[in-house]
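Read through the structure below, which is laid out as structure tokens, and then see the notes.
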Amino acid sequence: MAACRRVQPLLLLMSVCLLTVEALKPPPGFGNVLPPAVAMHQQLKAAILNPGNNAAAAAAAAAAAAAAAASSGSQTRRSSSWKLAEEQACRDDVTRLCPKHTWTNNLSVLECLQDKKEDTEIASDCNHLLWNYKLNLTTDPKFESVALEVCTSTMLELKECADEERGKGYLMSCLVDHRSNITERQCHQYITKMTSIVFSDYRLICGFLDKCREDIDTLQCGSISVGEKDLHSQGDVIACLERALVRETEQQDKAHQIKDQCKKSIMRVAELSADDFHLDRYLYFSCREDRERFCENTQVGEGRVYKCLFNHKFEEAMSEKCRNALTTRQKLIAQDYKVSYSLAKACKADLRKYRCNPDTNMPRAREARLSYLLLCLESAVHRGRTVSGDCQAEMLDYRRMLMEDFSLSPEIVLHCRGEIEAHCSGLHRKGRTLHCLMRVARGDTGKGTVDNLCQTALQTLIQSADPGADYRIDRALNEACESVIQTACKHIRNGDPMILSCLMEHLYTEKMVQDCEHRLLELQYFISRDWKLDPILYRKCQNDASRLCYTPGWNESSELMPPGAVFSCLYRHAYRTEEQGRRLTRDCKVEVQRILHQRALDVKLDPELQKRCMTDLGKWCSEKTDTGQELECLQDHLDDLLLACRDVVGNLTELESEDIQIDALLIRACEPVIQNHCHDVADNQIDTGNLLECLVQNKHQREMNEKCAVGVTHFQLVQMKDFRFSYKFKMACKEDVLKLCANIKKKADVVICLSTTVRNDTLQDLKDQRVSLKCRKQLRVEELEMSEDIRLEPELHDACKKDINKLCSSVPYGNAQITECLKENKKQLSQVCHHKIFKLQETEMMDPELDYQLMRVCKQMIKRFCTESDAKNVLQCLKLNKNSELMDPKCKQMITKRQITQNTDYRLNPVLRKACKPDIPKFCQSILNKATDASELEGQVISCLKLKYADQRLSTNCEDQIRVILQESALDYRLDPQLQAHCSNEITRLCAEEAAAQEQTGQVEECLKNNLLKIKQEECKTEVLNMLKESKADIFVDPVLHTACALDLKHHCAAINPGRGRQMSCLMEALQDKQVRLQPECKRRLQDRIDMWSYAAKVAPAEGFSDLAVQVMTSPSKNYILLMIALAVSVLFLIGLLCGRITKRVTRELKDR
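Taken in order, the sequence shown gives residues 3 to 1155; the numbers are from the working numbering.
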């Protein structure tokens, strides 16, 4: 036994040495086990010198010699013609079990009896005869001499075998160990034949019995006494030890601790039986029928039968006993890759090339592990190194094997035992248990998640199997997604890593099926936690990751780098500007964006987000379970989140603002709008906020569906929480914000701050504006976007929330409809909301471009009439063209609304306010004294200015503006707020038909004038009288009269400038002049006006000398009145003169006295 210990301890050689005399002493009747030297030599020599000599003949000769030895003693047969089939102990069994043509060949008989069916018994005497026969066959020096003759060339190549001591079985042990390197055909056949003999009984294996005796007894794996067990039980002993080794590795309860020397022997036996499944006697007998059923045409050798059986392991027809035996062997392969002959052979050169062979500094258990081998070779593949096709094919098979059966990973069995029992029992086939554990780890079961050790074990297994490189490795995913791949990803080569990316792009689409969706998300959960598991990302970004993120190698790990940390580092660098430096390469950035687009579909695919926001997700978003809702929920509650979660959500939102395509669900929903209106910016590989801006601008196109509109609006609302969330605004204005609006975070506040600065600089006519030009341009974009939805102006929305619920609950958001509703119900608003709406209107009137409804409804009319007008004069331009035949009716209606609004308060008419700046405090100060910022003046100031216009006391600029207002309100009574307020009942009673007319052309005003005597309300009567008074000042203020007298004005008063009653006086003089013939309608209308003015003068006498003077100057009898006044003055003068002379004479007489 000392010689056996000379074999290297890490590679236990298979020996066919002589066992101890006590253990191998034959029973009486079988004679001496050692054959006479002469007979053996003659038999072997005859075989070798035979001209037809080959390996089989040599083995047969050796068999004959062994047979002679086995039957020597009392018997005298020594010749080479001795036949095993003729021995009395075995004659009946051979005749019964073996085909007749095999009887003459001792080795064929031996193979037949060894491979008998499990339920077939052979006589114990025959069993023991076979044992001695095999023992003599494998230990006699003459047998070794046959091997030397057959393996001449091999012995020259394998010097370590040539140097072995003869007669101890070491030569055969060495040849068996190196049989994979033997190229000599005869030698290989000879060794293969002898190996099957050796593996038929564990007691024939050199040293195995000594090293494992105690473990065999302790585990009760079988008896070591000769004859007590049949041939089949000898395979059971090794299988029993293998199962015990697996239990120990998995740290199962009450697992026996096998001695290290025995462990090595067990693994070595498994390794040496990897070539031919016949050599694993337990598996051979367990799977004999299954082999015939599934692998009938599979050729024996090089582990092909093993692989075939592995591939059919989970078939329904596979027997449970065979399946268990296969699983045990797979577990041994997982512990030592050399137990797989095909894998060890195919990858031998690559293992040496990439230094994946055992390292003396590491424990063998790690080096030999299948996972270590896979990680090492996968690392080479991912680094772009060449790994042979055969090796990659073998790796693919075993990666698939690991994914199919979780029990092949001892760490999974050990650390995930509780989770499997609680959630995944009965699902072990075809990778279902593994996916169940993934689902639990994701938290999809609603019953908690896995612990850290189980999570780590799962992550390690996924990295070893590397399904990201080839989806087919994951059988559960492959089967679930087959239909989706055939329809959505059929353009991609089968097995390409882009298949997974394609599936992610079709997640939550019509082409996706539910089962595939679940399996895909379960796998992506783990791939997202290790950037290396996405092969395309790793290939394009490995240099950037090493340079910027200091990442370890592919098959290395770092405890200092938490899950997802590398990818987080990459996407932070992906969106850096050139000024910030240390940017990603273009190819890497494209891949990072691809991953971001895919992972934004589910918060659980972002490890950092899930880790930091777990508490907030449970607190705020527990009911938000639909696709994409969790992230939206976190964004909605951004201000309420914990600091760590807020930072992560903020960073992700900031990235989305630059590249909205990260929000894949939104992009899908908006596909029609993008195709029709935004395809130019969408086609850019790198977005800079342009696509989102385009979507906002086209939010109300007919292609815009509800999902897209809601998504775009949601992101706009999120942007209001922090100006950094608006990428273009942030980039254009960040310096201005730091300088002028420091410490302001919310976008709405920043916009107000900057716009206020711009307005103040403009009002002060500063040459150098404090806000930069590029910021002013982007600020205008932001202001326009905010005007579209009241929710984008948080201060206004908060102030009016109750009013919205009360007055506009049925009005949808968007298109500024809520804002318009509040404007229309302004009189019913609360004081706070009323004030905010008034301020909003004031701003819109100063800058009509911010009036979203006006700009939307009148968009085409602005293009038609106002292309050359400044943006701030758009409303003025529209008002001038309001009565054009080409004016759109809807736009005309909107213009009228804005005119009504302007006439309620002079502050809402910036042109009037500027023109009448000196006149308003001069004539209307009493009204201003009563005014407050929170309430409108309801047209009082404008009415005041109208009266002063009639008195011809206004400045020229103010007079021009009031004339325009008078002309507009004369055509539409709704533009006169005082008239509408005081005469609404009278209009309903007296002029209902005229008021109902769709087109207002002054009919209501004319009706009120004609029914002046019927008006009961004094305030209304006063307003009508004021209208009459105003009409004296200018004929344009009286549209009915102006229309009737248009031709007469042209013929008789063309040279007279309008205003100050000049044209009206001209017509009156023409009326008095009998030589002038006016149009009948004009003459009738003028006479009516004279009657009205006369009545007005009676019921509304002049309030002062100025009013009297105005009435005289505007009276049709002006010349007569002036003549009478002059005559009266002359009479008074004469009387005064006369009285003065009389007084003077009397005074002189008194003095003379």
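Just so it is clear, CB atoms sit at the ideal spot from N, CA and C, and this is done for glycine as well.
Keep in mind that this is a model prediction, so the values were computed, not measured.
Tell me which residues share the same chain as residue i and place their Cβ nearer than 6 angstroms to its Cβ, disregarding the 5 neighbours each side in the sequence.
i	result
F408	I414, T435 and L436
A272	L334 and V341
C518	A482, C483 and V486
S1033	V1039 and D1040
R181	I193
K449	none
Only counting the same chain, and skipping five residues up and downstream in sequence, which positions put a Cβ closer than 7 angstroms to that of residue i?
i	result
E1157	Nothing in the structure corresponds to residue 1157, since the chain is present only between 3 and 1155.
P1041	A972, L973, T1003 and G1004
V23	Model confidence at V23 stands at a pLDDT of 28, short of 50, so the residue's coordinates are unreliable; what they give is reported in the following sentence. Same-chain partners within the cutoff: there are none.
L1049	Q1081
H575	L550, R584, R585 and L586
D232	Interpretation of D232 is limited by its pLDDT of 45, a score under 50 that renders its predicted location unreliable; no figure is taken from the coordinates.
Who are the near neighbours of residue i in its chain, counting only those whose CB is closer than 8 angstroms to its CB and skipping five residues on each side?
i	result
S390	A348, C349, A351 and D352
A459	S411, E413, I414, L416, H417 and C418
E660	Y577, D689, T690, G691 and Y729
K1018	E988
Looking at the structure shown, is residue i part of a helix, part of a strand, or coil, going by DSSP?
i	result
E938	coil
N313	helix
N827	coil
A424	helix
K1175	Only positions 3 to 1155 of the chain appear in the structure, and residue 1175 is not among them; the question remains open.
R295	helix
W84	coil
R1064	helix
N129	helix
W105	coil
N134	helix
L478	What sits at residue 478 in the sequence shown is Ala, not Leu. In this structure, A478 counts as helix in the three-state DSSP scheme.
L888	coil
L429	coil
So, is residue i buried or exposed, given that buried needs 16 or more other C-beta atoms within 10 angstroms?
i	result
E230	Any reading at E230 is ruled out, since the residue's pLDDT is 41, under 50, leaving its predicted position unreliable.
N107	buried
T197	buried
C1141	exposed
F1135	exposed
A395	exposed
S886	exposed
L132	buried
G941	buried
N545	exposed
I124	buried
Measure the alpha-carbon distance for residue i versus residue j and round it to whole angstroms.
i	j	result
R402	A471	12 angstroms
A933	E658	48 angstroms
C438	I464	14 angstroms
D1156	D453	One cannot answer for residue 1156 here, as it falls past the ends of the chain, which runs 3 to 1155.
L824	A443	51 angstroms
P814	I820	7 angstroms
K804	K1031	44 angstroms
C893	I1058	35 angstroms
E673	P609	29 angstroms
A246	R306	26 angstroms
L790	Q699	Here residue 790 turns out to be Glu, not Leu, going by the sequence shown. Spanning the two alpha carbons is a distance of roughly 10 angstroms.
P29	A91	Reliability of the predicted coordinates at P29 is poor, the pLDDT of 39 falling under 50, and no value is obtained from them.
L385	S344	First, the residue type needs correcting, since residue 385 is Arg and not Leu in the sequence shown. When rounded, the distance between both Cα atoms is 24 angstroms.
L756	Y854	20 angstroms
I think residue i touches residue j, with their Cβ atoms under 8 angstroms apart; what is that distance to the nearest whole Å?
i	j	result
L1156	C491	Not covered by the structure: residue 1156. The range shown for the chain is 3 to 1155.
I676	A684	5 angstroms
A502	Y540	A quick correction: the sequence has Leu, not Ala, at residue 502. At roughly 13 angstroms, the Cβ-Cβ gap does not stay under 8 angstroms, so L502 and Y540 are not in contact.
Got a sec: is the Cβ-Cβ distance from residue i to anything in chain D below 8 angstroms?
i	result
S373	Within the model displayed, chain D is absent; a lone protein chain is all it includes.
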